[in-house]
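First comes the structure, then the notes that go with it.
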Ligand SMILES: [Fe+2]
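Residue numbers (our numbering): 1 to 291.
What follows is the structure in structure tokens.
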């Protein structure tokens, strides 16, 4: 594909949000992504956007609870100095707010929005954001799934990245996916039998993987080096529609209905996506009267 600013090679745009796949990227030596610059970002970034964890070493840990906003307690110099041995994990949300990421963010969006135009899933990325993950050798990111579509780019170090097919009942039941997207439940727990469905990538610096919307995944860092990873999260028009349809389905199931799962009927998904904001606003208003 021509004119890509951050990715390179042939991008399988038809597979986006259907199947995980590997591509390459050009950001390994980008100055914003050096450990030195990321350390500066962490020190000046809003407190609620820097999360930290220690001792992430197995897949069963609840990832939502494991990442705590502990910047107050965090001596970042110590963490950066000891990250080779401390089994630590730092996540930085909305790194694009830092001036050093401004141009890079626009370049990544330009590529992602180009993919959308080709596969006709939208023109502009909705609620895009950059997350950075800095982790010790051997650190584990437990099984979870995200509420956005995602390209994950390895900048330094290596990982084993396992991605599970989106919408597979044996991995995460439709009902659990809908409830998680609607902030009703926590990440569904890891079960060892899910491993059979994993698509595993040996992920090195210079490579990127597309993680489809609602695809479960886990990461085991290599032992050779610390890991620096950039993820761009966003919604296309299509995933935003699915998100609203699935959240409405959760509300309907909570009231005893059995709605058609998302992605089976575009007409129904569009209708649900149109209705959901009104339902959500009404339930928010009603909950204020209750309290
Ligand atoms: Fe994730």
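No residue lacks a Cβ here, since even glycine has one placed at the ideal position from N, Cα and C.
Contacts around residue i, its chain only, beta-carbon distance under 7 Å, and the 5 residues preceding and following it disregarded
i	result
residue 33	27, 155, 228 and 230
residue 84	136, 137 and 226
As assigned by DSSP and simplified to three states, the class of residue i
i	result
residue 71	Low per-residue confidence applies at residue 71: pLDDT is 48, beneath 50, and the placement is therefore not dependable enough to give any value.
residue 245	helix
residue 185	coil
residue 161	strand
residue 148	coil
residue 89	strand
residue 251	helix
Delimiting residues of the alpha helix (DSSP H) encompassing residue i
i	result
residue 264	First-last for residue 264: undefined, no H or E at that position.
residue 180	174-181
residue 35	35-44
Of the listed residues the options, nearest to residue i (C-alpha basis)
i	options	result
residue 14	8, 118 and 263	118
residue 179	219, 40 and 147	147
residue 90	105, 218, 141 and 18	141
residue 194	259, 53, 123 and 172	172
residue 54	44, 37, 87 and 120	87
residue 166	98, 216 and 238	216
Residue i - containing beta strand (DSSP E), residue span
i	result
residue 129	126-135
residue 113	Looking at the DSSP string, residue 113 is not in any beta strand (DSSP E); the run it does join, the alpha helix (DSSP H), is 102-119.
residue 228	227-235
residue 94	It is not in any beta strand (DSSP E) - residue 94 carries neither H nor E in the DSSP assignment.
Cβ neighbours of residue i in the same chain (closer than 6 Å, five flanking residues each side left out)
i	result
residue 176	188
residue 71	The pLDDT assigned to residue 71 is 48, lower than 50, so where the model puts this residue is not dependable, and the model offers no usable value.
residue 269	241, 245 and 262
Nearest-angstrom Cα separation, counted from residue j out to residue i
i	j	result
residue 42	residue 257	46 Å
residue 222	residue 129	26 Å
residue 182	residue 250	7 Å
residue 127	residue 243	13 Å
residue 125	residue 96	14 Å
residue 241	residue 144	21 Å
residue 220	residue 209	15 Å
residue 199	residue 290	46 Å
residue 254	residue 248	10 Å
residue 203	residue 18	20 Å
residue 265	residue 29	44 Å
residue 105	residue 40	17 Å
Neighbourhood of residue i by C-beta distance below 8 Å, restricted to the same chain and skipping five residues each side
i	result
residue 24	7, 8, 9, 206, 207 and 208
residue 158	202, 203, 204, 205, 221, 222, 224, 225 and 227
is_contact[residue i, chain D] using C-beta, thresh 9 Å
i	result
residue 256	The displayed structure is made up of one protein chain only, and chain D is not part of it.
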